[in-house]
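*Asks:*
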Amino acid sequence: MPHRRLAALMTASTLAAACAADVPEPTGPPLIPLPASVRMTEGTFSLDPGARIGLRSAGAAPVAEELARLLRRSTGYPLPVVRQEAEITLEESGGRDLGREGYTLDVTSDQVRLAAATPEGLFRGVQTLRQLLPAKVESATPQQGPWTIAGLTIEDRPRFAYRGVMLDVARHFFTVEQVKRYIDLAVGYKVNHLHLHLTDDQGWRIEIKSWPRLATDGFYTQDDYREIVRYAAERFVTVVPEIDTPGHTNAALAAYAELNCDGRAREPYKGREVGFSSLCTDKEITYRFLDDVVREVAALTPGPYLHLGGDEADSTAPEDYERFVARAQRIVDTYGKQLMGWAEITSGAVAQHWDPRAGDRAVAAVARGAKLVMSPADRSYLDMKYTRDTEYGLDWAGLVEVGDSYAWDPATLVEGVREEDILGVEAPLWTETLDRPDELEYMAYPRLPGIAEIGWSAASDRSWEDYRERLAAHGPRWEAQSVAFYRSPDVAWR
Ligand code: TNX
429 MPHRRLAALM TASTLAAACA ADVPEPTGPP LIPLPASVRM TEGTFSLDPG
479 ARIGLRSAGA APVAEELARL LRRSTGYPLP VVRQEAEITL EESGGRDLGR
529 EGYTLDVTSD QVRLAAATPE GLFRGVQTLR QLLPAKVESA TPQQGPWTIA
579 GLTIEDRPRF AYRGVMLDVA RHFFTVEQVK RYIDLAVGYK VNHLHLHLTD
629 DQGWRIEIKS WPRLATDGFY TQDDYREIVR YAAERFVTVV PEIDTPGHTN
679 AALAAYAELN CDGRAREPYK GREVGFSSLC TDKEITYRFL DDVVREVAAL
729 TPGPYLHLGG DEADSTAPED YERFVARAQR IVDTYGKQLM GWAEITSGAV
779 AQHWDPRAGD RAVAAVARGA KLVMSPADRS YLDMKYTRDT EYGLDWAGLV
829 EVGDSYAWDP ATLVEGVREE DILGVEAPLW TETLDRPDEL EYMAYPRLPG
879 IAEIGWSAAS DRSWEDYRER LAAHGPRWEA QSVAFYRSPD VAWR
């Protein structure tokens, strides 16, 4: 229990004071995700109007500027970024081996020192630093101090390399600005992958220059998509584009008659059924189409993965499906990407477990050498209703209260799937019932931070009892950012 461990490290006087006031056991700062190690020390740091942000290597500059931008908004202080030791110092150093994303954070009465091997590690550490400051630090307008942080030493690194969120922009479309806000909020919890579900029966949302009729209304031009990729990369988030195939393709089948086996264009679709559409796996044009799409999307995507869906292909015969996926695999190889798919997929480097009733697919994927991203619908699907009364969302995988979405472990979820088979976790948000950004936020917060913590923090350090206390402290942070979060009755919100 992290809190008990911390309590042992508190000074005798703080402990006595806490007991005297009959308040709960003293706790560490309410950080999400919980760091690998937190040790409270003497002293308190105070961020004052004359403070500077110092860096000692050019690589740290963009992260220092991002931190300065954030702190200037709410403190109103000038916070110049300087090339020397300063009140807040960011340091790229080999130091302890905390991996690409790890960092150390030392807070003493006269300095905050953040060190990491890479700018990415510094960026993750900045998210911790934000959470150590009062909630009003998240405000977009100047607030009154004091801006203090209790002395501590943090050493931190993630459990899993992939900590993702998915946004379905196909069922309902979301603008570049709306996606940026979704990224901004998620990176605060050290999320490092954004999976965009770009195509489905209801719509094709990315411009493909060689097939110009695919995307007609509500879509990203290639420049829009590049802008999302750039914005995400600036925040050390890798975009994973998904072109769902061979099912979930009615939008393509409506745009191009020749993609249908019978050569007749399908009607556009706005409903919520799944499993009724399929590319024509016997036609060569299908593979020319796939080659063109994969080539264009791969060229726009610096990240290693190309997600080709593969889920719920109920209108594709199993042998056709396998043949299709084998050819898709070769196309993805040609353009230098790794194939990712939902757990049904029969090839590829990464398979995504989603159906709680079908753990066997995850086991089969591991058996053929794939790694897993764990996104079980009854735990991590952000579109599941919290309760019977939740206004939007679905309930096919059950009702998923905040505690349900938090209290599970990826390495013990599916029999036959072990820690080393797992690349990470993801929280998908499907949008059949959601078309406004505040609705997205209501479904994602507060569940998304819990999935992010499952991906980052050691299982042995986590408990729902402890987590719900920390979570309560994030309410005021979301209020400061006007996040429309769900006030679960299971959390004692501050
Ligand atoms: C299942 S999860 C789907 C999606 C739906 C979602 C709704 C998956 C691979 N397929 O097509 O949008 O459920 O929760």
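Start counting at 1 in the sequence shown, then tack on 428, and there's your number in my numbering.
Quick reminder that beta carbons are idealized off the backbone N, C-alpha and C, glycines included.
In this text, all values refer to a predicted model and were calculated from it rather than measured experimentally.
(1) Please state if the CB of residue 482 and the CB of residue 520 are separated by a distance shorter than 7 Å.
(2) For residue 837, count neighbouring C-beta atoms within 10 Å of its own C-beta (all shown protein chains included) and say buried if the count is 16 or more, exposed if not.
(3) Would you list the residues sitting across from residue 517 in a DSSP beta bridge?
(4) Within the same chain, show all residues whose beta-carbon is closer than 7 Å to that of residue 635, passing over the 5 residues directly before and after it, in chain order.
(5) Would you say the beta carbon of residue 624 comes nearer than 6 Å to a heavy atom of the ligand TNX?
(6) Give the secondary structure of residue 836 by DSSP, where H, G and I count as helix, E and B as strand, and everything else as coil.
(7) Comparing the CB of residue 721 with every heavy atom of the ligand TNX, is any distance shorter than 6 Å?
(8) Less than 6 Å between the CB of residue 827 and some heavy atom of the ligand TNX, yes or no?
(9) Quick check: does the Cβ of residue 811 come within less than 6 Å of any heavy atom belonging to the ligand TNX?
(10) In whole angstroms, what is the alpha-carbon distance linking residue 614 and residue 857?
(11) Tell whether a beta-carbon distance below 7 Å holds between residue 674 and residue 707.
(12) With a threshold of 6 Å, establish whether the CB of residue 632 neighbours any heavy atom of the ligand TNX.
(13) Can you grab the Cα-Cα spacing for the pair residue 713 / residue 750, in whole Å?
(14) Could you tell me the distance, in whole angstroms, from the CA atom of residue 413 to the CA atom of residue 576?
(15) Can you find a heavy atom of the ligand TNX that lies under 6 Å from the Cβ of residue 863?
(16) Since I believe residue 619 is in contact with residue 599 (beta carbons under 8 Å), could you give me their beta-carbon distance rounded to a whole number of angstroms?
(17) Measure from the alpha carbon of residue 694 to the alpha carbon of each residue in 630, 655, 637 and 719, then state which is nearest.
(18) Is the beta carbon of residue 787 closer than 7 Å to that of residue 776?
(19) How long is the line joining the alpha carbons of residue 588 and residue 696, rounded to whole angstroms?
(20) Output yes or no for whether 7 Å exceeds the beta carbon distance between residue 460 and residue 730.
(21) Let me know the secondary structure DSSP gives residue 452 once reduced to three states.
(22) Specify the secondary structure class of residue 465 as computed by DSSP and reduced to three states.
(23) Quick one: Cα of residue 686 to Cα of residue 861, how far?
(24) To the nearest angstrom, report how far apart residue 893 and residue 833 are at their CA atoms.
(25) Let's see if you can read the secondary structure: which residues bound the beta strand (DSSP E) around residue 932?
(26) Residue 841 to residue 621, Cα distance in whole Å?
(27) In the stretch 573-652, which residue ranges form an unbroken alpha helix (DSSP H) of at least 4 residues, counting only runs that do not cross its ends?
(28) Could you check whether the Cβ of residue 822 sits closer than 6 Å to any heavy atom belonging to the ligand TNX?
(29) Under 7 Å between the Cβ atoms of residue 703 and residue 742?
(30) Counting C-beta neighbours from all protein chains within 10 Å, is the total for residue 888 16 or more, i.e. buried, or is it exposed?
(31) Where does the unbroken beta strand (DSSP E) through residue 733 begin, and where does it stop?
(32) Is DSSP giving residue 912 helix, strand or coil here?
(33) Secondary structure at residue 984, three-state DSSP: helix, strand or coil?
(34) Name the DSSP bridge partner or partners of residue 850?
(35) Between the stretch 709-726 and the stretch 655-668, are three or more C-beta pairs nearer than 8 Å?
(36) Indicate the three-state DSSP secondary structure (helix, strand or coil) for residue 719 in the structure shown.
*Replies:* Well, looking at it:
(1) no
(2) exposed
(3) Beta-bridge partners of residue 517 (DSSP): 482 and 541.
(4) 643, 647, 648, 649 and 650
(5) No; taking the cut-off as 6 Å, the Cβ of residue 624 has no heavy atom of the ligand TNX nearer than that.
(6) Of the three classes helix, strand and coil, the one that applies to residue 836 here is coil, per DSSP.
(7) no
(8) Taking 6 Å as the cut-off, the C-beta of residue 827 does not count as close to any heavy atom of the ligand TNX.
(9) yes
(10) CA-to-CA, the gap between residue 614 and residue 857 works out to about 13 Å.
(11) yes
(12) no
(13) 18 Å
(14) No answer is possible for residue 413: it lies beyond the span of the chain, which begins at 429 and ends at 922.
(15) no
(16) Wrong, their Cβ atoms sit about 21 Å apart, outside the cutoff.
(17) 630
(18) no
(19) 40 Å
(20) No, these two residues do not count as a Cβ contact at 7 Å.
(21) Note that residue 452 scores a pLDDT of 43, beneath 50, so its modelled location is shaky; the value from the coordinates is reported in the next line. In the three-state scheme derived from DSSP, where H, G and I count as helix and E and B as strand, residue 452 is classed as coil.
(22) strand
(23) 31 Å
(24) 14 Å
(25) As shown, the chain starts at 429 and ends at 922. That puts residue 932 outside it, with no answer to give.
(26) 22 Å
(27) 604-615
(28) Because some heavy atom of the ligand TNX lies under 6 Å away, the Cβ of residue 822 counts as near it: yes.
(29) yes
(30) exposed
(31) 733-737
(32) coil
(33) The shown model of the chain, from 429 to 922, leaves out residue 984, and the question about it has no answer.
(34) Paired residue(s): 800.
(35) As far as the Cβ criterion goes, the stretch 709-726 does not touch the stretch 655-668, which means the pair count is below three.
(36) Residue state, collapsed to three classes: helix.
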